[in-house]
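Final position of the sequence shown in numbering that gives the first Met the number 0 is 124; the numbers increase by one with none missing.
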Amino acid sequence: MVKNELRLLQGDIKNFKEERQSRLLQIQEKNKNVDNLKSINNSLVKTNSYYDKNNSSKVSLRKGDIVAVRRKPNTTGHVSQLKAWRSWNEDDDDSSTNSHNEPEMQRSKRTVRKPLRYGDFMPDR
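Below you can see the structure in the form of C-alpha cells.
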C-alpha cells in the first residue's frame, strides 16, 4: 500500500514538473505577445504624432469646435452617369420625329492628343 502511494506521489511530481514547464512557456508566449503589441502601439503613436505635427500645425482645433469637411467629387461616377443619361436620351430622340423643324445641334468633335512618352518626363542623362 505504501508503494502504491509513493508511485502516485512520484507520478504527481512528474506531472507537476511538466505542467509547471508548460505553464512557464505559456506565460513567456503571452509576455512576448504583450511586448509586441506594446511596441506596435508605441510605433503607431509616434507616426500619428509625427503626422499631426507636420500636417495639422496650420489649423488648431479645440474640443467642441465645429468643422466642415468637403469631399472631393467622384468624377468617374459622374461621367458614367452622364454617358448613360446621354445614350438614354438619344434613344428617345430616335423614336420621336423632328416635328418642330428645329435644326439639329451638332456635337463638337473631341480633340485627341497623342500620348506622351515616359522619356519626355525624364531629364536627359
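Heads up, the beta-carbon is just placed ideally off N, CA and C, and yes, glycines get one too.
The structure presented is a predicted model; accordingly, all values stated were derived computationally and were not measured.
Backbone CA spacing between residue i and residue j [nearest angstrom]
{"i": "Val-40", "j": "Asn-53", "result": "Val is not the amino acid found at residue 40; the sequence shown has Asn there. When rounded, the distance between both Cα atoms is 20 Å."}
{"i": "Lys-20", "j": "Gln-27", "result": "It should be noted that the sequence gives Gln, not Lys, for residue 20. Taking the straight line joining both Cα atoms gives about 11 Å."}
{"i": "Ser-42", "j": "Gln-25", "result": "26 Å"}
{"i": "Thr-110", "j": "Arg-70", "result": "30 Å"}
{"i": "Lys-16", "j": "Lys-62", "result": "56 Å"}
{"i": "Leu-23", "j": "Asp-34", "result": "16 Å"}
{"i": "Asp-51", "j": "Val-44", "result": "10 Å"}
{"i": "Thr-46", "j": "Glu-18", "result": "42 Å"}
{"i": "Asn-30", "j": "Val-58", "result": "41 Å"}
{"i": "Asn-32", "j": "Lys-113", "result": "56 Å"}
Cβ pair residue i, residue j closer than 8 Å
{"i": "Leu-60", "j": "Val-66", "result": "yes"}
Own chain partners of residue i with C-beta closer than 7 Å, once the 5 adjacent residues on each side are dropped
{"i": "Tyr-49", "result": "none"}
Simplified DSSP state of residue i, which is helix, strand or coil
{"i": "Lys-108", "result": "coil"}
{"i": "Ile-65", "result": "coil"}
{"i": "Val-33", "result": "helix"}
{"i": "Arg-22", "result": "helix"}
{"i": "Leu-60", "result": "coil"}
{"i": "Lys-16", "result": "helix"}
{"i": "Lys-45", "result": "helix"}
{"i": "Lys-71", "result": "coil"}
Neighbourhood of residue i by C-beta, 8 Å cutoff - its chain only, sequence neighbours within 5 removed
{"i": "Asp-64", "result": "none"}
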